[in-house]
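Just below is one structure, and these are the notes that go with it.
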Ligand SMILES: [Zn+2]
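Residue numbers (the numbering used here): 3 to 237.
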C-alpha cells in the first residue's frame, strides 16, 4: 500500500518493495517513518512540530494520526480540509509549533498547498515568510525540511536561506532513515549522507527494524501530553 501525497510524500514507496507488508504493518511503518522524519526536522530546527486534527463531528471526535491527516487531504491547492477515516466528515487540521518558551498554532497545509503558496514568495527573505506567512513556512519545514528544499521542488533557487550545517544534527538519524530521505530533508546529497554513514560504520536503514520498533514509537506518540490535551469526551 503506497500513499502518494502531493509532491513526493510517498513513505510506503521508499520501503515497501523491500519485503511484503500487510496493510496494518504498512500503516505502522509509514506512521513511524513520518514520526522519525519529524524528529529529524525538529532536531535541526530546534522546534517541535505537531499536526493535529480532531474530527468536527461531535459524535465522532476522532483524533487523526499524522498519517491520516496526510492521506485525507484532497491534494487540492484550495481545499484545506482532510477526511475523517471514521465518519468521512472533512475537518481543517492545525499545526502546532513549539519551543521551550512558546507554542503557536496555525493552519496546516498539505505539500501541494504549501508549494502552491510558496510560488509567489521566492523573492522574500526567510524572516518575511516566517513571520507573515507562518503557516506556509512551518508547513514547508514540516514536509520538506526547509524553504530551500521546498523551493527546489518547484525548480526554484532560493537565495535567502543559508545552507544547513546538516552534519551537526544528522548523527543520531544515520541508518535510522533511508539516506535519500535524510538527504532530501536536509538539502544534502544522498551520496554525502551515505559516505558519512559508512565512515561511522553504521549499517544502512532497514524497514524491518523500524517496523519492529514502530509499535513502541506509536505508543509513545499517542501517550504524550500534547495529544491528549484536547481530546474531549464525546458524551
Ligand atoms: Zn469523524
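In this text, a Cβ means the ideal position worked out from N, Cα and C, and glycines have one as well. Keep in mind the model is a prediction, meaning the values are calculated, not measured.
When C-alpha distances from residue 52 are compared across 40, 214, 128, 45, the shortest belongs to 40. For ligand 1, no non-hydrogen atom lies closer than 7 Å to the CB of residue 69.
Out of 215, 30, 144, 75, the CA that lies nearest to the CA of residue 99 is found in 144.
For secondary structure counted as the alpha helix (DSSP H) over 4 or more consecutive residues, the stretch 128 to 170 holds these complete runs in sequence order: 128 to 134, 136 to 146, 149 to 155. Taking a 10 Å sphere around the C-beta of residue 150, we find 16 or more other C-beta atoms and assign the residue as buried.
Under the DSSP assignment, residue 100 falls in the beta strand (DSSP E) whose first and last residues are 96 to 100. Residue range 105 to 109 is occupied by the beta strand (DSSP E) that includes residue 109, with no alpha helix (DSSP H) assigned at that position.
Cβ atoms of residue 148 and residue 166 come within 8 Å of each other, at about 7 Å.
Beta-bridge analysis with DSSP links residue 176 to 179. At a threshold of 7 Å, residue 55 does not count as near ligand 1, since its beta carbon sits no closer than that to any of the ligand's heavy atoms. Here the stretch 107 to 121 lies against the stretch 90 to 98, with 3 or more beta-carbon pairs under 8 Å apart.
In the DSSP assignment, residue 119 falls within the alpha helix (DSSP H) that extends over 113 to 120. DSSP, read as helix, strand or coil, puts residue 28 in helix.
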